[in-house]
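So the sequences go chain by chain: Z and B.
Each residue of the first sequence is one higher than the last, beginning at 2 in this note's numbering.
Each residue of the second sequence is one higher than the last, beginning at 2 in this note's numbering.
Encoded as structure tokens, the structure appears first; notes follow it.
Number of protein chains: 2
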Amino acid sequence: MNIIDQSGILALSTRLQRLSEQLRKDGALFYKSYGIDFEPKWFPVIYTLHHKEVLSVVEIANEIGYTHPSTISLLKELEKQKLIRSKKDKVDERKRLILLTPKGQELIVKMKPVWDLMASVLREITDNQNNLLQAINEAENKIMHQSFLQRALQLKSEE
Amino acid sequence: MNIIDQSGILALSTRLQRLSEQLRKDGALFYKSYGIDFEPKWFPVIYTLHHKEVLSVVEIANEIGYTHPSTISLLKELEKQKLIRSKKDKVDERKRLILLTPKGQELIVKMKPVWDLMASVLREITDNQNNLLQAINEAENKIMHQSFLQRALQLKSEE
DNA sequence: TTAATATATGTATTTAACTACGTAGTTTTG
DNA sequence: CAAAACTACGTAGTTAAATACATATATTAA
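See below:
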């Protein structure tokens with residue numbers, strides 16, 4: 002085993018990132034193996050629009066947990082792919098409302114069985130003595146109540 | 002709750018990345034709050050050299066799980082900070098051997114109590130019904146034995 | 001009812017990783 | 001022992017996110 006894996010909890014951030022990256026790559030290969038022209042990074046936007054139908058740019062950004070500039074660049078790609086389109090909000094002229102095109106909706110129908118299969122594999126991989134998704138939920142909940150930094154500063158002051 | 006968190010296992014990669022990013026940022030703030038001029042991304046290299054003393058560029062890359070070009074750019078930053086230095090391997094002229102400078106070693110001594118505190122906080126955050134670090138270990142082990150893609154293709158062929 | 005503030009979007013730049021490729025030594029092999 | 005293959009390192013270019021800044025519209029308040 003290498004030193005970083007041995008260092009344990011301190012390299013947690015690195016470990017999370019590495020695993021995320023690996024899953025993303027495998028996801029890309031998997032879509033390809035099904036002949037589906039879809040990139041994993043598009044998933045959050047497409048999945049959100051599949052459930053919410055019409056949203057503004059910032060609303061999508063909030064749903065997927067990215068900043069709005071990052072979201073805008075994803076939206077540009079998806080518009081290029083003709084999977085989404087946009088229209089002006091007639092009530093609030095600042096807003097650009099995003100929605101799926103028919104092509105986008107068809108692609109989702111095609112991808113659904115692939116998503117189901119992916120979900121099965123991911124469950125198989127992550128459901129062990131410790132369930133990875135649960136573990137993330139639990140950790141994020143704790144951080145939401147009191148941030149890493151707050152906890153650290155508190156421990157420091159208790160010394 | 003937003004749609005992505007609800008989508009469950011399918012957005013696992015996104016969730017991992019988000020959590021990693023948050024921990025990295027909090028880590029940076031924490032070093033700063035101790036007046037330590039150190040970036041979280043340097044940790045894997047410094048920690049590795051702390052334990053292995055002298056390693057070549059590619060050896061470090063393997064230890065920390067990055068590609069060698071990424072490692073080279075980290076090493077450049079650390080050389081600029083005068084935390085590490087390098088020398089030619091006299092046996093194998095292709096190799097550049099990397100080691101900590103006295104400044105680097107002093108910094109580690111200074112950082113050790115901070116690392117201990119960080120480790121405590123991380124343990125507090127990640128040790129729940131499901132232990133996040135364990136969950137990562139378990140998932141990575143499974144993937145090591147059979148990749149995501151292989152598992153998916155197998156399930157597909159079993160249909 | 002204008003001035004100040006807030007919100008929505010967009011652009012430019014930065015960052016931290018990657019892949020692809022090139023060069024220079026080292027090792028293996030016909 | 002020369003040719004081929006391999007290894008180590010480095011550079012260039014790409015990518016996917018971020019931050020910082022700019023502009024246009026909407027809302028609130030003096």
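C-beta atoms are modelled at their ideal positions from N, C-alpha and C, and glycine is treated no differently.
These figures come from a predicted structure and were not determined experimentally.
Opening and closing residue of the beta strand (DSSP E) in which residue i lies
i: L98(Z); result: 97-101
i: K88(Z); result: 85-89
Extent of the continuous alpha helix (DSSP H) to which residue i belongs
i: K33(Z); result: 13-34
i: Y67(Z); result: Element bounds for Y67(Z): n/a, residue is neither H nor E.
i: P45(Z); result: 44-53
i: Q155(Z); result: 149-159
Per-residue contacts from residue i into chain B (C-beta, under 7 Å)
i: K157(Z); result: L118
i: Q18(Z); result: Q18, S21
i: R25(Z); result: S14
Status (buried if at least 16 other CB within 10 Å, exposed otherwise) for residue i
i: D38(Z); result: exposed
i: T15(Z); result: buried
i: V46(Z); result: buried
i: S34(B); result: exposed
i: S74(Z); result: exposed
i: M112(B); result: buried
i: T49(Z); result: buried
i: R95(Z); result: exposed
i: M145(B); result: exposed
i: P114(Z); result: exposed
i: Q147(B); result: exposed
i: G36(Z); result: exposed
i: V122(Z); result: buried
i: Q151(Z); result: exposed
i: Q155(B); result: exposed
i: T127(Z); result: buried
i: S8(Z); result: buried
Proximal chain Z residues relative to residue i, where beta-carbon distance stays under 9 Å
i: Y48(B); result: I4, I5, S8, L11, A12
i: P45(B); result: I4, I5, S8, A12, T15
i: I85(B); result: Those do not exist, as I85(B) stays about 15 Å from chain Z at its closest Cβ, beyond 9 Å.
Within chain B, partners of residue i - CB distance below 8 Å
i: V122(Z); result: F149, R152, A153, L156
i: A140(Z); result: L20, I126, T127, N129, L133
i: G28(Z); result: S14, F149
i: K143(Z); result: E125, I126, N129
i: I99(Z); result: Within 8 Å Cβ-Cβ: nothing; I99(Z) doesn't reach chain B, min ~14 Å.
DSSP three-state assignment for residue i, whether helix, strand or coil
i: N138(Z); result: helix
i: N63(Z); result: helix
i: S74(Z); result: helix
i: S57(Z); result: strand
i: D128(Z); result: strand
i: E94(Z); result: coil
i: S8(Z); result: coil
i: I37(Z); result: coil
i: Q82(Z); result: coil
Residues that residue i contacts on chain Z, provided the C-beta gap is smaller than 7 Å
i: F31(B); result: L150, A153
i: S71(B); result: Near S71(B) there are no residues of chain Z at all, since even the closest Cβ is about 12 Å away, more than 7 Å.
i: E40(B); result: Correct list: empty, because the minimum Cβ distance to chain Z is about 12 Å.
Chain Z residues whose Cβ lies nearer than 8 Å to that of residue i
i: E54(B); result: Result: empty, since nearest Cβ-Cβ is about 11 Å, beyond 8 Å.
Contacts that residue i makes with chain B (C-beta to C-beta distance below 9 Å)
i: K111(Z); result: Near K111(Z) there are no residues of chain B at all, since even the closest Cβ is about 15 Å away, more than 9 Å.
i: S34(Z); result: L150, A153, L154, K157
Exercise. Hey, is the segment 92-101 of chain B in contact with the segment 92-102 of chain Z, meaning 3+ C-beta pairs nearer than 8 Å?
Worked result: no
For this session: Check whether the segment 126-146 of chain Z touches the segment 117-136 of chain B, taking contact to mean three or more Cβ pairs, one atom from each stretch, closer than 8 Å.
Result: Below 8 Å, enough C-beta pairs join the segment 126-146 of chain Z and the segment 117-136 of chain B to call them touching: three or more.
Exercise. Counting Cβ pairs closer than 8 Å, one from the segment 7-26 of chain B and one from the segment 59-72 of chain B, do we hit at least three?
Worked result: no
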